[in-house]
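> I am attaching a structure below and will ask some questions about it afterwards.
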Amino acid sequence: MERILNVKPLTVDDLPALEAMDTGIDEDYVVRIFDRLIESDNHELFGLFQDEQMLAVGGYSLFGQKKLAMLGRLRSDLRFQLKGNATELLRSVVDQLKSDPRVSWIGANTHLGNLPARRVLDKLGIQQGPVLHYLTLVRPDLLTGHTPGPVWDIVQDVDKKRDLLSELEDNALQVFPYECYYPLPYEEALLTDEYLNNATFYQNPTGTRFVIIKNDTKKYDYSHVKYFWNDHYKQAGFFETLIDHWNNNPDNIGCWIDFSDEGLKNIQDLTPYNVQKPWILYGMWKNTNSQ
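Numbered according to this note's numbering, the sequence shown spans residues 275 to 565.
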């Protein structure tokens, strides 16, 4: 008998169907913040239903004046796995985003080892991008091998901040780490005055390097470090700058740093860090002539 499936945007009335899913996730944050997600202008959640039963859920978040769409929050009911439900759901979501004239880029960020999710993205024609490593510096007293130096100078002027980013020639990360867990393509639309004013820019004495640190909350509070080169340990005063910012924001539990493959290899001792499993960013531009 052919299954009759329906994909629809979720409303507050769909919370019981979401709670009835067996996703294997204890205390799922999507359930916890469900009301906020469906009421937000920048987040959208969809469900794949068979009759009244929700088989999969997923959605997207919009950034940069709604130009960049990041897929996420994908969950499937474990009782109905291997039926292509996640692909069915995301295909409908991606088709909707492709038809949205505001959206120019569609992407997803997932664990490198999450092969089921990566197969779904491959089926949808979303291309593999850079691998990123998320490390949180939690024991700066254990740091070794870095080059000590003075704390870098703070950049106050918002136009100067924007100029530093626009003049960036080398970006070892190949992305702009907009938030924790949300690396995005570099787009000027992301750099609102509010975003830049809430981010602290530090520039080294020679003017050859800068680092951005922005407080961010993903369950815990972090000093989110945005650094676009792989020479963290060679730049005098880099880690002193991070530690100084952390000392000035004592509620943060550590300094979250996005590393490329090469940047990770340059770390001789990982003891000072909490290390996550590597992530991989997928993405596609709707206009192939873009970027």
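Glycine included, every Cβ here is placed at the ideal spot set by N, Cα and C. Because the structure is a prediction, the values reported are computed rather than measured.
(1) Following the continuous beta strand (DSSP E) through residue 382, name the residue where it begins and the one where it ends.
(2) Locate the alpha helix (DSSP H) running through residue 535, then write down its first and last residues.
(3) Any chance you could list the alpha helix (DSSP H) runs of at least 4 consecutive residues sitting entirely within the segment 439-523, in chain order?
(4) Excluding five sequence neighbours on each side, which residues of the same chain lie with their C-beta closer than 7 Å to the C-beta of residue 397?
(5) By alpha-carbon positions, which one of 538, 544 and 382 ends up nearest to residue 456?
(6) Tell me whether residue 283 sits in a helix, a strand or coil according to DSSP, three-state version.
(7) Whose C-beta lies closer than 8 Å to the C-beta of residue 294 among residues of the same chain, with five residues either side of it excluded?
(8) Within the chosen definition, does the segment 397-411 reach the segment 552-561 through at least 3 CB pairs nearer than 8 Å?
(9) Could you spell out where the beta strand (DSSP E) holding residue 429 opens and where it closes?
(10) With a threshold of 7 Å (Cβ to nearest heavy atom), would residue 307 be considered close to the ligand NAD?
(11) Write down the C-beta distance between residue 342 and residue 414 rounded to the nearest angstrom, noting that I regard them as a contact closer than 8 Å.
(12) Can you round the beta-carbon distance between residue 304 and residue 349 to whole angstroms, since I take them to be within the 8 Å contact cut?
(13) Using DSSP's beta-bridge definition, name the partner residues of residue 388.
(14) Consult DSSP for residue 318 and reduce its assignment to one of helix, strand or coil.
(15) For the beta strand (DSSP E) containing residue 306, name the first residue and the last one.
(16) Could you give the DSSP three-state label for residue 401: helix, strand or coil?
(17) Go ahead and label residue 491 buried or exposed: buried means 16 or more other beta carbons lie within 10 angstroms of its beta carbon, across all protein chains shown.
(18) Ordered along the chain, which non-local residues of its own chain (more than five positions away) have a Cβ less than 6 Å from that of residue 367?
(19) Spatial neighbours of residue 416 within its chain, please: C-beta separation below 6 Å, excluding the five flanking residues on both sides.
(20) Using a Cβ-Cβ cut-off of 6 Å (strictly less than) and excluding sequence neighbours within five positions of residue 470, which residues of its own chain qualify?
(21) I'd like to know whether the C-beta atoms of residue 312 and residue 331 end up nearer to each other than 8 Å.
(22) Output needed for residue 424: all residues of its chain with C-beta closer than 6 Å, excluding positions within five of it in sequence on either side, in chain order.
(23) Could you tell me whether the Cβ atoms of residue 411 and residue 529 are closer together than 8 Å?
(24) By a C-beta neighbour count over all protein chains shown, 10 Å radius and 16 as the cutoff for buried, is residue 310 buried or exposed?
(25) Give the DSSP-derived three-state secondary structure of residue 563 in the structure shown.
(26) Within 10 angstroms of its Cβ, does residue 315 collect 16 or more other Cβ (buried), or is it exposed?
(27) Alpha carbons only, please: which of 438, 307 and 502 is nearest the one belonging to residue 289?
(28) Which residues mark the beginning and the end of the alpha helix (DSSP H) in which residue 360 is found?
(29) Within this structure, are the beta carbons of residue 503 and residue 467 separated by less than 8 Å?
(30) Starting from the C-beta of residue 531, find all residues in its chain whose C-beta is less than 6 Å away, skip the five residues before and the five after it, and write them out in chain order.
(31) Could you check where the alpha helix (DSSP H) with residue 291 kicks off and where it finishes?
Based on what the coordinates show:
(1) 379-385
(2) 535-539
(3) 467-471 and 512-522
(4) 361
(5) 382
(6) strand
(7) 327 and 328
(8) yes
(9) 427-429
(10) Here there are no bound small molecules, and the ligand NAD is not part of this structure.
(11) Rounded, the Cβ-Cβ distance is 33 Å, inconsistent with contact.
(12) 7 Å
(13) Answer by DSSP bridge pairing: none, since residue 388 is not bridged.
(14) strand
(15) Looking at the DSSP string, residue 306 is not in any beta strand (DSSP E); the run it does join, the alpha helix (DSSP H), is 303-306.
(16) strand
(17) exposed
(18) 320
(19) 545 and 546
(20) 432 and 435
(21) no
(22) 511
(23) yes
(24) exposed
(25) For residue 563, the pLDDT reaches just 43, beneath the cut-off of 50, and the residue's location in the model is therefore unreliable, although a value from the coordinates is still provided. Of the three classes helix, strand and coil, the one that applies to residue 563 here is coil, per DSSP.
(26) exposed
(27) 307
(28) 359-372
(29) no
(30) 409 and 499
(31) 289-293
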